[in-house]
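To start, the structure under review is shown below, and the notes come after it.
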Amino acid sequence: MNSVLVDHEFMNNIFKFNPELLLNFSKNQTFEETFQNLDLVNFNQNELCDGSDRIPDFAEQIENNNISPEIPDFPDDCLKFISDILLEEDFDDNSCSTQDYNALQATEKSLYDALGAQYPYPNPTSEEHKQITLKSRKKSRQRDEGDDDKGRISKIQATSNNEDYDEMEKYDDVLLCSEYEFNKFTQVNTRDGLNKSSRVKKQSSTKHDEVDLRVLLTQCAQAVSTFDLRTSNELLKKIRHHASPYGDSLQRLAHHMAYGLEARLAGTGPTISANIVDVKISTPDFLKAYKMYVSAIPFKRMSFFVANTTILKLAEKAKKIHIIDFGIFLGLQWPCLIKRLSQFSNGPPSLRITGIDYPQQGFRPAERIDATGRRLAGYSERFGVPFRYAGIADKWENIKINDLNLESDELVIVNCMYRSGTLLDETVDPNSPRDTFLKLVQDIKPKLFVHGVINGTFNAPFFITRFREALFHYSSIFEVFDATLPRESHERLFIESEGYGKEVYNLVACEGVERVQRPESYKQWRVRQTRAGMRQVGFDKGIVSRAKVMVKGNYHSDFLVDEDRHWMLQGWKGRIFCALSFWRPF
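Sequence positions in the sequence shown follow the UniProt record's numbering and run 1 to 586.
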């Protein structure tokens with residue numbers, strides 16, 4: 001009789017990052033991310049154009065040699081903001097997993113169903129909705145948290161937070177290297193050194209391992225899908241022998257995919273997926289890895305640059321700005337915007353940010369969202385920008401327009417950067433939370449909807465089809481890491497295990513509501529958003545041209561930036577990973 005062979009030690013250590021495993025490797029100093037002052041393009045004073053009506057001033061000036069083709073500066077404020085957060089000390093209980101809420105709810109609901117009880121959905125009007133303002137922060141805290149200990153902790157956090165921002169100015173010369181040094185350092189590591197080293201290691205690896213892991217993984221997935229225990233276990237044994245979290249890109253990916261295949265075969269995928277997202281990830285570890293990521297990989301930086309530049313253009317004559325950020329997380333997009341608003345010639349407008357994200361587990365579901373608001377408030381205070389913040393911890397499809405407290409004299413911007421792909425679609429929920437979210441955005445009627453999406457085709461309902469597409473997609477991503485990040489880097493292992501490794505595991509091992517990642521192509525999103533009552537807005541051609549120059553001058557030559565029907569596309573060696581577009585309601 002065939003049996004499922006499960007390596008329990010192998011499963012128990014799944015994706016749990018263990019720094020002791022790195023003792024055999026030399027520790028690599030993290031890349032320093034340096035955004036220098038955002039030098040805005042001299043746009044036409046007309047409003048942002050629709051459709052094909054563009055403002056080609058920047059591109060034309062380049063062609064006419066009126067502008068130097070030197071690499072544009074990066075804004076430095078994001079790095080300074082990250083450094084602010086790293087100086088804080090209350091990180092021990094903060095989790096940075098973006099999958100916590102979905103996994104927790106799926107597990108709880110299954111337990112309630114087994115007991116024959118109705119699942120108690122959270123009330124979005126309770127403690128999840130909190131307000132933070134610069135002028136009335138203490139009053140709001142005392143009103144929301146009557147307990148003396150909680151009030152004391154809040155006061156300490158608020159006080160130390162302001163001191164952190166004041167103290168940060170003393171360390172600017174240490175934390176922010178010059179633009180010249182950054183460009184030289186980035187180009188050496190991402191263009192020449194790492195690329196050559198990667199090729200040498202790949203060649204030596206190929207000599208020792210005459211096996212195609214892609215073929216083994218695909219064959220194993222087919223055996224698992226038909227519950228062929230003997231073949232599955234034999235193939236898993238071969239994959240484990242050749243896979244390694246410290247090998248080349250394909251070996252690392254195979255290491256994570258093998259976990260998912262084994263769990264799917266054993267029927268433990270949803271349980272383990274829920275457990276691994278419970279592992280607490282310290283905010284400093286995440287931010288150190290994030291600094292390395294954005295220094296070597298341009299996707300986030302270019303998206304923030306294009307989005308913030310466009311928002312600043314719209315805000316030139318506004319007195320009050322309200323940004324509604326779905327999936328705000330740590331709010332790393334906004335420090336640069338805040339600084340640029342403070343430099344407006346007629347004074348900064350009033351800025352209001354509503355940060356929306358899924359609740360965290362535990363007794364303080366809005367803890368991270370509120371902490372993000374306090375940090376942004378401190379940053380606004382430093383630059384003299386009037387600021388208000390509201391944090392909402394709830395499922396996006398549960399949020400109503402009244403929860404946002406819109407005001408008639410506000411310039412409203414809705415922002416969603418690469419998080420909408422985690423929403424359920426009509427294949428799982430007939431009400432389609434994905435479409436419900438877009439309908440909410442349409443009802444808000446923002447001046448601009450900034451939407452960044454992961455471009456993927458591995459959302460098929462059939463496992464084998466989804467597995468093959470995911471293998472193709474993630475093998476390209478891990479190839480990017482191999483070409484741009486040191487193999488022995490602590491931060492790279494963190495990114496691969498705590499970020500993409502968990503995604504791969506969840507995608508392979510789970511089905512139904514337990515599966516978190518559900519990406520669609522940007523063309524499918526275009527259809528959805530048009531159907532929801534939105535029209536696409538064409539951004540200035542010069543912005544995309546400038547992004548191309550930035551990527552070409554600061555990053556690996558295989559990165560690409562392109563434009564297709566008002567979508568800015570970013571990818572690697574011809575494969576599109578993400579897309580950014582602007583929208584308005586009809």
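Quick reminder that beta carbons are idealized off the backbone N, C-alpha and C, glycines included. Keep in mind the model is a prediction, meaning the values are calculated, not measured.
Hey, quick one: how far does the beta strand (DSSP E) through residue i stretch, first residue to last?
{"i": "D482", "result": "Unbroken run through D482 is the alpha helix (DSSP H), 463 to 484; no beta strand (DSSP E)."}
{"i": "A579", "result": "575 to 585"}
{"i": "R526", "result": "Taken as a continuous stretch (DSSP letters only), R526 belongs to no beta strand (DSSP E), being part of the alpha helix (DSSP H) at 522 to 531."}
Which residue or residues does DSSP assign as beta-bridge partners of residue i?
{"i": "G355", "result": "D325, G391"}
{"i": "E563", "result": "M568"}
{"i": "L411", "result": "I321"}
{"i": "L404", "result": "BP columns for L404 are empty, so no partner."}
{"i": "L448", "result": "I413"}
{"i": "S350", "result": "K320"}
{"i": "R515", "result": "R515 is not bridged to any residue."}
{"i": "N455", "result": "E520"}
{"i": "G535", "result": "Looking at the sequence shown, residue 535 is not Gly but Arg. BP columns for R535 point to R584."}
Could you pull the start and end residues of the alpha helix (DSSP H) that residue i belongs to?
{"i": "C336", "result": "334 to 342"}
{"i": "L424", "result": "Looking at the DSSP string, L424 is not in any alpha helix (DSSP H), and its letter there is neither H nor E."}
{"i": "Q361", "result": "Unbroken run through Q361: none, as it is neither H nor E."}
{"i": "A289", "result": "283 to 296"}
{"i": "N308", "result": "299 to 314"}
{"i": "L265", "result": "249 to 266"}
{"i": "residue 601", "result": "Because the chain here runs from 1 to 586, residue 601 falls outside it and cannot be looked at."}
{"i": "H242", "result": "229 to 242"}
{"i": "G542", "result": "541 to 554"}
{"i": "N506", "result": "502 to 509"}
{"i": "L217", "result": "213 to 225"}
{"i": "L493", "result": "490 to 494"}
Assign residue i to buried or exposed, taking buried as 16 or more other Cβ atoms, counted over all protein chains shown, within 10 Å of its Cβ.
{"i": "V527", "result": "exposed"}
{"i": "E491", "result": "buried"}
{"i": "I401", "result": "exposed"}
{"i": "T465", "result": "exposed"}
{"i": "S581", "result": "buried"}
{"i": "residue 588", "result": "The question about residue 588 has no answer here: the residues shown for the chain are numbered 1 through 586."}
{"i": "S295", "result": "buried"}
{"i": "H241", "result": "exposed"}
{"i": "P486", "result": "buried"}
{"i": "G267", "result": "exposed"}
{"i": "V480", "result": "buried"}
{"i": "D248", "result": "buried"}
{"i": "G384", "result": "exposed"}
{"i": "E498", "result": "buried"}
{"i": "F326", "result": "buried"}
{"i": "P359", "result": "buried"}
Would you kindly work out how many angstroms separate the C-alpha atoms of residue i and residue j, rounded to a whole number?
{"i": "F559", "j": "G542", "result": "19 angstroms"}
{"i": "K447", "j": "R584", "result": "6 angstroms"}
{"i": "V537", "j": "F462", "result": "35 angstroms"}
{"i": "I353", "j": "R531", "result": "28 angstroms"}
{"i": "L314", "j": "I413", "result": "10 angstroms"}
{"i": "S244", "j": "Y500", "result": "15 angstroms"}
{"i": "H256", "j": "D394", "result": "30 angstroms"}
{"i": "I132", "j": "L351", "result": "Any reading at I132 must be qualified, since the residue scores a pLDDT of 45, below 50, and its modelled position is unreliable; the value itself is stated next. Whole-angstrom Cα-Cα distance: 13 angstroms."}
{"i": "Q529", "j": "R565", "result": "14 angstroms"}
{"i": "V224", "j": "A258", "result": "11 angstroms"}
{"i": "W567", "j": "Q524", "result": "12 angstroms"}
{"i": "I369", "j": "L376", "result": "11 angstroms"}
{"i": "L261", "j": "C220", "result": "8 angstroms"}
{"i": "F438", "j": "I392", "result": "The identity of residue 438 in the sequence shown is Leu, whereas the question assumes Phe. The straight-line gap from Cα to Cα measures roughly 18 angstroms."}
{"i": "V551", "j": "L493", "result": "24 angstroms"}
{"i": "W572", "j": "P335", "result": "28 angstroms"}
{"i": "E397", "j": "I324", "result": "15 angstroms"}
{"i": "F449", "j": "A470", "result": "29 angstroms"}
{"i": "L507", "j": "E381", "result": "42 angstroms"}
{"i": "K509", "j": "E407", "result": "In the sequence on display, residue 509 carries Ala and not Lys. About 45 angstroms."}
{"i": "S232", "j": "H556", "result": "39 angstroms"}
{"i": "L312", "j": "Q570", "result": "22 angstroms"}
{"i": "S489", "j": "F286", "result": "14 angstroms"}
{"i": "E222", "j": "R264", "result": "At residue 222 the sequence reads Gln, which differs from the Glu that was named. Computed Cα separation, rounded: 12 angstroms."}
CB of residue i to nearest heavy atom of the ligand GDP: below 7 angstroms?
{"i": "R368", "result": "In terms of ligand content, the structure shown is empty, and the ligand GDP therefore cannot be addressed."}
Stretch pair the region 339 to 353 + the region 432 to 445: three plus CB contacts closer than 8 angstroms: Touching, no, given that fewer than three Cβ pairs across the two stretches are closer than 8 angstroms.
Sufficient close CB pairs (3 or more, under 8 angstroms) joining the region 299 to 314 to the region 345 to 362: Three or more Cβ pairs closer than 8 angstroms define a contact, and the region 299 to 314 falls short of that threshold against the region 345 to 362.
Inter-stretch contact at 8 angstroms, needing at least 3 Cβ pairs: the region 565 to 585 / the region 453 to 467: Yes, they touch.
The region 412 to 429 touching the region 510 to 521, judged by at least three CB pairs closer than 8 angstroms: Output reads yes: the region 510 to 521 touches the region 412 to 429.
Sufficient close CB pairs (3 or more, under 8 angstroms) joining the region 398 to 412 to the region 357 to 367: No, because fewer than three Cβ pairs between the region 398 to 412 and the region 357 to 367 fall closer than 8 angstroms, the two stretches do not touch.
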